[in-house]
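Down below is the structure, laid out as structure tokens.
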Amino acid sequence: YLAIVLSAQTALRDIIGTHELADMLTHRGELGNRLKEILDEKTNPWGITVQSVEIRDIIIPKDLEAAMSKQAQAERERQARIILGTAETEIAQKFAQAAKQYEANPMAMHLRGMNMLFEGLKEKGSMIIVPSSALETMNLGAMGGLAALSQSQIRKAESHEEKTE
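Residue numbers (this note's numbering): 257 to 421.
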């Protein structure tokens, strides 16, 4: 009896040593079948045939559990970094495509710049500082001044309304 128990323990340790915990948890049936085969080979010479082996519970020591938890966390972080890197690569490719289109169609770039200025000016209390070279490139020198004047007038009117209330 003791020889069978020791053989089972040895076979179990051999199997556990060659598999990761995730594999053991998800493939219990396969591991049980492999363990049955090993035990059958060892016990057949004694006239014993193993009918079945079931792995019902896997108990992990606390210190090993903490180490495995850290490993799992590190794996999740690695996956997150891979996803982030992939997303950044895709974004860079999209920016490169947009740059080519803007290069091929300067009017599209001009309209995009005007749209960005317009969107920025819509925000209440926003201030946009645009380099004069950008205004010159987009031929918006006068328009930039008009937008600033318009914003200034809106602020004055709002300030006046607040005082009269």
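Quick reminder that beta carbons are idealized off the backbone N, C-alpha and C, glycines included. Since we're looking at a predicted model, the values are computed, not measured.
Practice task
Could you check if residue 360 is buried or exposed, using at least 16 other CB atoms within 10 Å of its CB as the buried criterion?
Solution key: What you label residue 360 is simply residue 104 of the sequence shown in a count that begins at 1. So residue 360 ends up on the exposed side.
Problem - Opening and closing residue of the alpha helix (DSSP H) in which residue 383 lies - result: By 1-based counting over the sequence shown, the position of residue 383 is 127. Looking at the DSSP string, residue 383 is not in any alpha helix (DSSP H), and its letter there is neither H nor E.
Handout entry: Span of the alpha helix (DSSP H), counted from its first residue to its last, around residue 299
Key = Your numbering for residue 299 matches position 43 in the sequence shown. Counting along the chain, the alpha helix (DSSP H) containing residue 299 begins and ends at 284 to 299.
Exercise for the section: Confirm, please, whether the CB-CB distance from residue 316 to residue 280 is below 7 Å. Expected result: On the sequence shown, residue 280 is found 24 positions in, with the first residue counted as 1. On the sequence shown, residue 316 is found 60 positions in, with the first residue counted as 1. No.
Exercise for the section: For the stretch 300 to 312 and the stretch 326 to 339, state whether three or more C-beta atom pairs, one from each stretch, are separated by less than 8 Å. Expected result: no
Problem - Local Cβ density within 10 Å of residue 304, reported as buried at 16 or more and exposed below that - result: Within the sequence shown, the letter at position 48 stands for residue 304. It counts as exposed.
Problem - Proximity test, residue 373 beta-carbon vs the ligand NAP heavy atom, cut-off 6 Å - result: With respect to the ligand NAP, the structure offers nothing, as it holds no ligand at all.
Exercise for the section: Could you check what DSSP says for residue 303 in three-state terms: helix, strand or coil? Expected result: Indexing the sequence shown from 1 puts residue 303 at position 47. It is coil, neither helix nor strand.
Problem - Span of the alpha helix (DSSP H), counted from its first residue to its last, around residue 347 - result: As a first step, residue 347 must be located in the sequence shown, where it is residue number 91. First-last of the alpha helix (DSSP H) with residue 347: 318 to 360.
Exercise for the section: Please classify residue 261: does DSSP put it in a helix, a strand, or coil? Expected result: Position 5 of the sequence shown, counted from the first residue, corresponds to residue 261. If DSSP states are grouped into helix, strand and coil, residue 261 belongs with the helices.
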